[in-house]
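Here the protein sequences line up with chains A and B, keeping their order. Reading the first sequence from the start, the letters are residues 1 to 227 in the numbering used here. Reading the second sequence from the start, the letters are residues 1 to 227 in the numbering used here. Before any comments, here is the structure.
Number of protein chains: 2
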Amino acid sequence: MSLTLYSLCGTDPNRPFSPHCWKIVMALHHKGLPFEERPLPFTDIPKAEQGFSKTVPILRDGDQLISDSFKIALYLEDAYPDHPSLFGGEGGKAAARLVEGYSQTMVHPAITRIAVYDIHQMLGPVDQDYFRTTREVYLGKSLEAMHAEREAAIAALPAQLKPLRHMLGFQPFIGGHSPLFADYILFGALQWLRITTGSIHLPDGDPVLGWFERCLELHDGAGRLVA
Amino acid sequence: MSLTLYSLCGTDPNRPFSPHCWKIVMALHHKGLPFEERPLPFTDIPKAEQGFSKTVPILRDGDQLISDSFKIALYLEDAYPDHPSLFGGEGGKAAARLVEGYSQTMVHPAITRIAVYDIHQMLGPVDQDYFRTTREVYLGKSLEAMHAEREAAIAALPAQLKPLRHMLGFQPFIGGHSPLFADYILFGALQWLRITTGSIHLPDGDPVLGWFERCLELHDGAGRLVA
């Protein structure tokens, strides 16, 4: 058995930052599966595994190739049923899609507003061209204009985390007393923010900060290894 | 076995409208448990069951009394384990708290902005005084000022439903192929909007509208019985 995870990096391969790849790093540790991570710059992704996917994460497990973070999590749950569950049953598996929706439609845009210029600064020249073109079209403004609004974007982030804060009034993880893939979905988003900007920009005492720190401690501090 | 659900109404006891009570109406039907619903005006709630709770839903099950919609759902799952599950396992139970957080912190405020004046119009005079005082403090403006912004509030609702729309790209219910309590949490919110304003104000073709219509059909159309 040999597992390889293709993930995303800028010029420094020791600082992979993709939120979707971090979900799978945590999921593989959760399952107790050793793996080799191969971070790739944006424009090298289409060259990996004979152009298998335009996006990472891509997981190779022996002769299996899977892309898309949620599909990879489902694959791992099916392929390794005797390892710790990522979903805690069918209800948790189904609800994780709503958690993904919350993360991608409400948290990711808030993080993009903060981090987009910082991400650009982490990339090599060819990737910078690709990133600027695609993101400026998506955002409808220049990276420099986004950067000028960074403080306002940081101030707007806590409101997007209200659902998480509500949940933390009752339990330490989205998975309940211990984490599940739903936690890794939102951890991935904030880990992306942390690695690209140096902080998740939440005030001391915010329960979301406490939860994020608990996630950084998981699996022998796997998340904290990348600064 | 005799189940009684205390819920919330205005002057018309045939139009109970509380989002939290609708979660439990659906949960009781889901469990296949017959029950008697006793809708109460706001200011009669503290008189029910010797002042057991300031809020509804309150469920009486024989000599048991439970308040708070999530606690009632947990109670039903424990007390009736051989009836259809409301959570689909421990992962689903835990994730439902995040769904509750999303509903209450992102969807409820959007609905309140649309419906608050309409709710006031459904109430008797004593309840109207209570409602106006508490809500105007909470909202920081008069009910009439909120009513003047109703069209803008309706226009803002679809953005708050993006997580649900994302999920519906993969499956018909938050519970997966069939509904769970997580669906009833968000159904309750939109049913509250429907009963108090006559519509959920979403455009034809919105997948959220399709999901809501599917929920109205559940349990012999229990949700559609109240217009």
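Idealized CB from N, CA, C, for every residue including glycine.
Going along chain B in order, which residues have a C-beta closer than 7 Å to the C-beta of residue i?
i, result
"HIS29 (chain A)", "Those do not exist, as HIS29 (chain A) stays about 18 Å from chain B at its closest Cβ, beyond 7 Å."
"PHE87 (chain A)", "GLY91"
For residue i, does the count of other Cβ atoms within 10 angstroms reach 16, so buried, or fall short, so exposed?
i, result
"ASP61 (chain A)", "buried"
"VAL137 (chain B)", "exposed"
"ASP82 (chain A)", "exposed"
"ALA152 (chain A)", "exposed"
"ALA110 (chain B)", "buried"
"PHE87 (chain B)", "buried"
"GLY223 (chain A)", "buried"
"PHE42 (chain B)", "buried"
"ASP129 (chain A)", "exposed"
"GLN160 (chain B)", "buried"
"ALA182 (chain B)", "buried"
"PHE131 (chain B)", "buried"
"SER142 (chain B)", "exposed"
"GLN50 (chain A)", "exposed"
"LYS71 (chain A)", "exposed"
"PRO34 (chain A)", "exposed"
"PHE170 (chain B)", "exposed"
"VAL126 (chain A)", "exposed"
"SER199 (chain A)", "exposed"
"THR105 (chain B)", "buried"
"PRO179 (chain B)", "buried"
"ALA145 (chain B)", "exposed"
"ALA148 (chain B)", "exposed"
"LYS285 (chain B)", "Limits of chain B in this structure are 1 at one end and 227 at the other, which puts residue 285 (chain B) out of reach."
"LEU157 (chain A)", "buried"
Using a Cβ cut-off of 8 Å, pull out every chain B residue sitting near residue i, in sequence order please.
i, result
"ILE174 (chain A)", "ALA94, ALA95, ARG97, LEU98"
"PRO203 (chain A)", "Result: empty, since nearest Cβ-Cβ is about 18 Å, beyond 8 Å."
"GLY101 (chain A)", "LYS162, PRO163, LEU164, ARG165, HIS166, MET167"
Run through the DSSP bridge pairs and tell me what residue i is partnered with.
i, result
"ARG60 (chain A)", "A:THR4, A:LEU65"
"PHE173 (chain A)", "A:GLY176"
"ARG38 (chain A)", "A:TYR6"
So with CB distances below 9 Å, who are the chain B contacts of residue i?
i, result
"GLN104 (chain A)", "LYS162, PRO163, HIS166"
So residue i and residue j are in contact, right, with Cβ under 8 Å, and what is the actual spacing, rounded?
i, j, result
"THR197 (chain A)", "GLY124 (chain A)", "Going by Cβ atoms, the distance from THR197 (chain A) to GLY124 (chain A) rounds to 19 Å, so no, they are not a contact pair."
"VAL25 (chain A)", "GLU37 (chain A)", "7 Å"
"ALA48 (chain A)", "VAL107 (chain A)", "Between VAL107 (chain A) and ALA48 (chain A) the Cβ distance is about 27 Å, and since that is not below 8 Å, they are no contact."
"HIS201 (chain A)", "ILE154 (chain A)", "5 Å"
"PRO16 (chain A)", "LEU8 (chain A)", "6 Å"
"ILE58 (chain B)", "SER69 (chain B)", "Actually they do not touch by this definition, with Cβ atoms about 10 Å apart."
"LEU40 (chain A)", "TYR80 (chain A)", "Their Cβ separation, rounded to whole angstroms, is 25 Å, which puts LEU40 (chain A) and TYR80 (chain A) out of contact at 8 Å."
"SER18 (chain A)", "TRP211 (chain A)", "In fact, because the Cβ distance is near 21 Å, the residues do not count as touching under 8 Å."
"ALA96 (chain B)", "ILE195 (chain B)", "About 23 Å separates the two Cβ atoms, so there is no contact after all."
For residue i, return the contacting residues in chain A, with the cut-off set at a CB-CB distance below 7 Å.
i, result
"LEU65 (chain B)", "Residues of chain A passing the Cβ test: none, with the nearest at roughly 21 Å."
"PHE170 (chain B)", "ARG97"
Note down, in chain order, every chain A residue with its Cβ under 9 Å from the Cβ of residue i.
i, result
"ALA182 (chain B)", "GLY91, ALA94, ALA95, LEU98"
When you measure from the CB of residue i to every non-hydrogen atom of the ligand ZN, does any distance come out below 7 Å?
i, result
"LYS141 (chain B)", "The ligand ZN is not part of this structure, which contains no ligands at all."
Listing by chain order, which chain A residues have their CB less than 8 Å from the CB of residue i?
i, result
"GLY10 (chain B)", "In chain order: nothing, as chain A lies at least about 28 Å away."
Would you verify that the beta carbon of residue i is, or is not, closer than 8 Å to some beta carbon of chain D?
i, result
"GLY32 (chain A)", "In summary, chain D is missing from the structure at hand, where the protein chains are A and B."
Worksheet item: With contact counted as at least three CB pairs below 8 Å, one residue from each stretch, are the stretch 174-192 of chain B and the stretch 86-96 of chain B in contact?
Response: With three or more CB-CB distances shorter than 8 Å, the stretch 174-192 of chain B counts as touching the stretch 86-96 of chain B.
Worksheet item: Per the contact definition of three or more C-beta pairs closer than 8 Å, is the stretch 115-122 of chain A in contact with the stretch 106-120 of chain B?
Response: Cβ pair count under 8 Å is below three, so no.
Discussion item. Check whether the stretch 96-115 of chain A and the stretch 156-174 of chain B are in contact - that is, three or more C-beta pairs closer than 8 Å.
Written reply: Judged by Cβ distances under 8 Å, the stretch 96-115 of chain A makes contact with the stretch 156-174 of chain B, as three or more pairs qualify.
Worksheet item: Is there contact here, the stretch 30-47 of chain A with the stretch 69-86 of chain A, by at least three beta-carbon pairs under 8 Å?
Response: Yes: the two stretches touch, three or more of their Cβ pairs being nearer than 8 Å.
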